[in-house]
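Inspection log for the structure reproduced underneath, given as structure tokens.
Number of protein chains: 2
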Amino acid sequence: MDRRAALTEGALAYVLEHGLIGLSLRPLAAALGTSDRMLIYHFANKETLIAEVVALANRRLAESIDEADPPVRTVGDLVRYAWRVVNDPVAHGAMRLYLQMCVLSVHESDGWRSAHEQSREPWLIMLRTGLAELAIPQPRVEPLADLILDTVDGLLLDSLVTSRPARVDAAAAAFADLLDHDSADRAATHL
Amino acid sequence: MDRRAALTEGALAYVLEHGLIGLSLRPLAAALGTSDRMLIYHFANKETLIAEVVALANRRLAESIDEADPPVRTVGDLVRYAWRVVNDPVAHGAMRLYLQMCVLSVHESDGWRSAHEQSREPWLIMLRTGLAELAIPQPRVEPLADLILDTVDGLLLDSLVTSRPARVDAAAAAFADLLDHDSADRAATHL
DNA sequence: CATTGGATGTAGCGACTGCTACGTTTTCGG
DNA sequence: CCGAAAACGTAGCAGTCGCTACATCCAATG
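Shown next, in the form of structure tokens:
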């Protein structure tokens with residue numbers, strides 16, 4: 001058994017619950033049934049420990065996106081699906097972690113930026129392929145994918161902070177409807 | 192002269208540059224030409240100092256929104272205007288602060304939540320009145336205002352993190368066009 | 001001039017941080 | 001079965017944190 005991998009696993013669970021921002025080795029080690037000394041022993045330093053944890057979280061995220069293959073008939077469905085996945089209470093821990101990475105990469109853009117981009121990439125791939133399958137013309141795919149991901153991020157941020165889910169759900173639904181309206185309109189004018 | 196107000200002013204400038212997250216009294220005091228002792232003397236504790244700074248930032252934000260009265264002819268214009276205001280390099284400090292408040296209120300929702308809501312409110316008011324003036328039917332105003340604010344937040348987050356402004360600008364433009372398309376479509380069907 | 005009260009500097013408290021030196025235990029291949 | 005290597009605990013380093021006790025200075029007031 002790879003002790004390091006097991007520790008990474010446990011550390012991820014701890015980070016998902018307690019956040020990345022004030023993370024301290026000793027409470028983490030206590031929760032993992034070990035000592036700060038051992039964490040340093042296995043990971044050399046705090047930085048690579050966090051990098052390992054974040055990488056694991058990103059791997060999990062990519063897996064959870066890949067394995068789901070929902071029935072997507074319209075662009076709105078794409079948004080509705082992404083919103084459902086992201087807004088799952090079980091996923092909220094991962095989403096909080098994602099937001100923390102965003103903010104950390106904003107105010108000290110050392111290694112955080114790449115971690116953040118690795119978080120975004122599976123989503124962007126999913127959105128781009130989804131849009132392509134829906135026959136969205138090539139030049140519109142990229143900005144639309146960016147817009148959808150950013151909007152879902154914004155909705156998620158709102159949802160996590162204000163904890164008034166119904167209101168945010170309504171906004172998300174409005175976005176999905178907006179996209180469907182638009183697609184239908186464009187299709188009609190090209191008939 | 193109110194020493195406390197002057198210190199709050201300086202602290203805001205410092206926080207806009209150095210962020211809220213690792214904020215420590217001693218470097219802050221040094222930058223302000225005083226000592227941590229004096230900060231505690233004037234503000235009683237770190238918590239109320241930060242509260243004061245955040246309140247000042249929110250006041251500034253509300254002022255900057257109020258004083259601008261742009262020509263807004265369509266819903267898309269509303270988005271374009273909000274995006275221009277938010278994406279101003281001068282405002283980026285305030286926006287970083289806003290995002291940090293978001294994240295801080297996500298992972299320790301003590302006093303942060305209300306501060307965060309106070310940041311959102313001037314924007315929401317601006318959007319709601321703008322939408323009402325554009326004759327958007329009442330039941331659609333609320334979700335649309337939420338959607339626009341959340342989307343702009345998401346775009347801003349992307350912009351601040353990835354620092355690839357052209358890409359995000361394209362997404363923002365796509366959003367504005369989407370809204371204009373939708374409005375025109377709805378208007379046409381109701382003629 | 002004496003006193004008072006606000007403003008400020010110094011030194012330090014206790015708690016915590018990431019990290020390390022060192023000694024002990026456990027494991028395992030030859 | 002023994003010795004080397006890996007795993008682990010204890011104690012502690014040097015540093016920072018928010019915060020405070022105490023002494024000092026300075027201006028205004030009586």
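First to last, the sequence lines map onto chains G and X.
Quick note on numbering: the first sequence equals residues 1 to 191 in the numbering used here.
Quick note on numbering: the second sequence equals residues 192 to 382 in the numbering used here.
Glycine residues also receive a C-beta, built at the ideal position from the N, C-alpha and C atoms.
Quick caveat, the model's predicted, so the values are computed rather than measured.
| said: Between which residues of its own chain and Gly111(G) is the CB-CB distance below 7 Å, once the five residues before and five after are set aside? | reply: Spatial neighbours of Gly111(G) in its own chain (CB-CB distance under 7 Å, excluding positions within 5 residues in sequence) are listed in chain order as Ala51.
| Going by other Cβ atoms of all chains shown within 10 Å of its Cβ, with 16 needed for buried, is Val90(G) buried or exposed? | An exposed status is given to Val90(G), since fewer than 16 other beta-carbon atoms sit within 10 Å of its beta-carbon.
| Going by beta carbon distance, what residues of the same chain come within less than 6 Å of Trp123(G), once the five residues before and after it are set aside? | Within the same chain, Trp123(G) has close Cβ partners Leu149.
| If you compare alpha carbons, which of Pro261(X), Leu230(X), Val277(X) is closest to Leu348(X)? | Taking each of Pro261(X), Leu230(X), Val277(X) in turn and checking the Cα distance to Leu348(X), the smallest one comes out for Val277(X).
| request: Provide the residue span of the alpha helix (DSSP H) that contains Ser64(G), from first to last. | output: Its alpha helix (DSSP H) spans residues 46 to 67.
| field | Residue nearest to Val343(X) in terms of C-alpha spacing, selected from Asp373(X), Val270(X), Leu325(X) | value | When each option's Cα is compared against that of Val343(X), the closest is Val270(X).
| query | Taking DSSP as the reference, what is the three-state secondary structure of Val72(G)? | reply | Here Val72(G) sits in coil by DSSP.
| request: Using a Cβ-Cβ cut-off of less than 9 Å, give me the residues of the segment 12 to 38 of chain G that come near chain X, in sequence order. | output: Cβ contacts with chain X: His18, Gly19, Leu20, Ile21, Gly22.
| query | Of all the options Leu216(X), Ile212(X), Gly210(X), which has the alpha carbon lying nearest to the alpha carbon of Leu198(X)? | reply | Taking only the C-alpha atoms, the option nearest Leu198(X) is Leu216(X).
| Which residues, taken in chain order from the segment 86 to 111 of chain G, show a beta carbon closer than 7 Å to some beta carbon of chain X? | Legend: CB atoms of the segment 86 to 111 of chain G lying less than 7 Å from CB atoms of chain X belong to residues Arg96, Leu99, Gln100, Cys102, Val103, Ser105, Val106, His107.
| query | Comparing the C-beta of Leu346(X) with each C-beta of chain G, is any distance below 8 Å? | reply | So, interface residue.
| said: Considering just the uninterrupted stretch of the alpha helix (DSSP H) at Glu324(X), what are its terminal residues? | reply: That run of the alpha helix (DSSP H) goes 303 to 324.
| query | Cα-Cα, which of Arg194(X), Met317(X), Ala253(X) is closest to Gly224(X)? | reply | When only C-alpha atoms are compared, the closest one is Arg194(X).
| request: Under 8 Å between beta-carbons, which chain X residues line up against Arg113(G)? List them in chain order, please. | output: Within 8 Å Cβ-Cβ: Val352, Thr353.
| message | Just to confirm, is the Cβ distance from Gly267(X) to Asp371(X) under 8 Å? | response | Yes, these two residues count as a Cβ contact at 8 Å.
| Cβ-Cβ separation, Ala361(X) to Pro143(G) (assumed contact under 8 Å), whole Å | About 4 Å separates the beta carbon of Pro143(G) from that of Ala361(X), a gap short enough to meet the 8 Å contact definition.
| DSSP-derived helix/strand/coil call for Pro328(X) | For Pro328(X), the secondary structure class from DSSP, reduced to helix, strand or coil, is coil.
| query | Taking Cβ positions, are Thr320(X) and Glu117(G) nearer each other than 8 Å? | reply | 8 Å or more divides the Cβ of Thr320(X) from the Cβ of Glu117(G).
| request: Following the continuous alpha helix (DSSP H) through Gly201(X), name the residue where it begins and the one where it ends. | output: Per DSSP, Gly201(X) belongs to the alpha helix (DSSP H) from 194 to 209.
| How about Leu290(X) and Ala248(X): do their beta carbons lie closer than 8 Å? | No, they are not a contact pair.
| Is the beta carbon of Met194(G) sitting closer than 8 Å to the one on Ser119(G)? | This structure does not reach residue 194(G), given that chain G is present from 1 up to 191, and the question cannot be answered.
| message | Under 8 Å, Cβ to Cβ, is there at least one residue of chain X near Glu117(G)? | response | When Cβ-Cβ separations below 8 Å define contact, Glu117(G) makes contact with chain X.
| message | Does the CB of Arg167(G) have a neighbour CB from chain X at under 8 Å? | response | Proximity of Arg167(G) to chain X, defined by a Cβ-Cβ separation below 8 Å, is satisfied.
| said: Between His298(X) and Leu351(X), how many whole angstroms is the CB-CB distance? I'm expecting something under 8 Å. | reply: That belief does not hold up - the Cβ atoms of His298(X) and Leu351(X) are roughly 19 Å apart, past 8 Å.
| query | What in chain X is Cβ-close to Pro143(G), meaning under 7 Å? | reply | The answer, in chain order, is Ala361, Ala362, Ala365.
| task | Check whether the Cβ of Val369(X) lies closer than 8 Å to any Cβ atom in chain G. | result | In the sequence under discussion, the amino acid at residue 369(X) is Leu, which differs from the Val named in the question. By this cut-off, Leu369(X) is an interface position.
| request: Confirm, please, whether the CB-CB distance from Met38(G) to Ala29(G) is below 8 Å. | output: For Ala29(G) and Met38(G), yes; Cβs fall inside 8 Å.
| task | Just the chain G side, please: which residues come within less than 7 Å of Leu315(X) by C-beta, in chain order? | result | Against chain G, the beta carbon of Leu315(X) has no neighbour under 7 Å; the closest one sits roughly 11 Å away.
| task | Return the CA-CA distance between Arg304(X) and Leu155(G), expressed in angstroms with no decimal places. | result | Answer to the nearest angstrom: the Cα atoms are 16 Å apart.
| task | Please indicate yes or no: does the CB of Val168(G) lie closer than 7 Å to some heavy atom of the ligand FAD? | result | The model depicted lacks the ligand FAD and carries no ligand whatsoever.
| query | Would you call Tyr272(X) buried or exposed, if buried means 16 or more other Cβ atoms sit within 10 Å of its Cβ? | reply | So Tyr272(X) counts as buried.
| query | Taking 8 Å as the CB-CB cut-off, is Leu78(G) touching chain X? | reply | When Cβ-Cβ separations below 8 Å define contact, Leu78(G) makes no contact with chain X.
| What's the C-alpha gap between Ala323(X) and Asp279(X)? | Distance from the CA atom of Ala323(X) to the CA atom of Asp279(X), rounded to whole angstroms, is 26 Å.
| request: Would you mind listing the alpha helix (DSSP H) stretches within the segment 278 to 304 of chain X that are 4+ residues and don't spill past its ends, in chain order? | output: If only uninterrupted alpha helix (DSSP H) runs of at least 4 residues are considered, those enclosed by the segment 278 to 304 of chain X are 283 to 298.
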